[in-house]
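K.L.:
Before we start, here is the structure in question, set down as structure tokens.
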Amino acid sequence: MFKTDSSEISDKKITLGLWVATHKAQLKQVHVLLLAVLAMAMILFFFIELFNWAYHVPQTKRINEALLQSPINFGQNRQPNNIVIEKTYATVHDEQSVDVAVFVKNPNEKWAAEINYEMTIGGKTGVVEHVNLAPAQEKVLTKTAVATTAVSPSVQTNILDISWKLIKDLDALPKVSWEETDQKFNHINTDQIGAPQTTLEFNLSNKSVYGFKNVPVAVLLQDKNGVVVGIGQQTMAQIASLEKKPVIIRWPKEYGESLQTLIYVSPDILSSENIIR
Numbered sequence: 341m342f343k344t345d346s347s348e349i350s351d352k353k354i355t356l357g358l359w360v361a362t363h364k365a366q367l368k369q370v371h372v373l374l375l376a377v378l379a380m381a382m383i384l385f386f387f388i389e390l391f392n393w394a395y396h397v398p399q400t401k402r403i404n405e406a407l408l409q410s411p412i413n414f415g416q417n418r419q420p421n422n423i424v425i426e427k428t429y430a431t432v433h434d435e436q437s438v439d440v441a442v443f444v445k446n447p448n449e450k451w452a453a454e455i456n457y458e459m460t461i462g463g464k465t466g467v468v469e470h471v472n473l474a475p476a477q478e479k480v481l482t483k484t485a486v487a488t489t490a491v492s493p494s495v496q497t498n499i500l501d502i503s504w505k506l507i508k509d510l511d512a513l514p515k516v517s518w519e520e521t522d523q524k525f526n527h528i529n530t531d532q533i534g535a536p537q538t539t540l541e542f543n544l545s546n547k548s549v550y551g552f553k554n555v556p557v558a559v560l561l562q563d564k565n566g567v568v569v570g571i572g573q574q575t576m577a578q579i580a581s582l583e584k585k586p587v588i589i590r591w592p593k594e595y596g597e598s599l600q601t602l603i604y605v606s607p608d609i610l611s612s613e614n615i616i617r
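According to our numbering, the sequence shown is numbered sequentially starting from 341.
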């Protein structure tokens, strides 16, 4: 075992103490100098930050003012085209109301649109509603049993605002495919006012690999001259992939079986909450 010589340690302490005592003034100067350098560094940092703030605040203000004064420029090749309202139909529902169908289309091949809109029917404006349109997608917006005193009311669709989204990978969007089978008209004899007198029944099959929720199904009835005489709609709560479900549309008036039926299924393929994977 090694032992430390206590006298040697004492000598070292004495030597260190003498050195500190003889250099006390110099150590004090070094201490003051370090404090001065630290203070100067803090002051310099403060002025740098102050200059940075003073320079960027006016610049940010100018940018914000420019954005408010002029629309965002997408570029000539990227600017989305406006949503197209292709066709509008209004048919008599009963003596006091009408049914309305509006065909809207997103003409853009890569831009999806989230739209807020309202319909003005016979001079009365309804509530604000929302619809999503994928690139190149067409949808039928329907309103049934809208109260009005006009036999042929004016119908105007007002698009309030649009949010655009660039879809870079179009193949990532769900592909939709539907099949309608077993169509048949049923006539109901009743004297009750407003009770269904005609029903159209058919089976709707989802041929897609995805299922969907809140699926609007619109039906238009055309006569032999191509005139739309009836409009109906039903929203399916959900339909799974490869599932077949019955759809029943009801009207409070009698329609003949000679009418041509046009069926439009318009699922939302942009909102993940409406897609069953």
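For each residue, glycine too, the CB sits at the ideal point set by N, CA and C.
Can you tell me the Cα-Cα spacing of threonine 538 and glutamate 449, whole angstroms?
P.N.:
For threonine 538 and glutamate 449, the distance between alpha carbons rounds to 40 Å.
K.L.:
Tell me whether isoleucine 571 sits in a helix, a strand or coil according to DSSP, three-state version.
P.N.:
If DSSP states are grouped into helix, strand and coil, isoleucine 571 belongs with the strands.
K.L.:
Rounded to the nearest angstrom, what separates lysine 585 and serine 517 at their Cα positions?
P.N.:
C-alpha separation (whole angstroms): 14 Å.
K.L.:
Nearest to alanine 452 by CA position, among Ala474, Glu469, Glu435, is which residue?
P.N.:
When only C-alpha atoms are compared, the closest one is Ala474.
K.L.:
What whole-angstrom Cβ distance do lysine 508 and glutamate 478 have, given they're in contact under 8 Å?
P.N.:
Not a contact, Cβ separation roughly 22 Å.
K.L.:
Would you call the region 577-596 and the region 546-555 in contact, with 3 or more CB pairs under 8 Å?
P.N.:
Short answer: they touch.
K.L.:
Looking only at its own chain, which residues have a Cβ that is under 7 Å from the Cβ of serine 492, when we skip the five neighbours before and after it?
P.N.:
The residues are Ala430.
K.L.:
Quick one, are the C-beta atoms of alanine 558 and alanine 441 less than 8 Å apart?
P.N.:
Taking 8 Å as the Cβ cut-off, alanine 558 and alanine 441 qualify as a contacting pair.
K.L.:
Looking at C-alpha atoms only, which residue of Asn456, Gly596, Val569, Ile615 is the closest neighbour of asparagine 498?
P.N.:
Selected option, being the one with the closest Cα: Asn456.
K.L.:
Note the first and the last residue of the continuous beta strand (DSSP E) segment covering valine 432.
P.N.:
From DSSP, the beta strand (DSSP E) with valine 432 extends over 424-434.
K.L.:
Keeping to the same chain, check which residues put their C-beta closer than 6 Å to that of aspartate 608; ignore five residues upstream and five downstream.
P.N.:
So the qualifying residues of the chain are Asn472, Asn614.
K.L.:
Assuming glutamate 519 is part of the beta strand (DSSP E), what are its boundary residues?
P.N.:
Counting along the chain, the beta strand (DSSP E) containing glutamate 519 begins and ends at 518-527.
K.L.:
Quick one: what's got a C-beta closer than 6 Å to isoleucine 425's C-beta in the same chain, skipping five residues either side?
P.N.:
Cβ neighbours of isoleucine 425 beyond the five flanking positions: Val444, Thr497.
K.L.:
Given a cut-off of 8 Å on the beta-carbon distance, is the pair aspartate 439 and isoleucine 571 in contact?
P.N.:
Contact flag set, yes.
K.L.:
In whole angstroms, what separates the C-alpha of serine 598 from that of isoleucine 502?
P.N.:
Whole-angstrom Cα-Cα distance: 40 Å.
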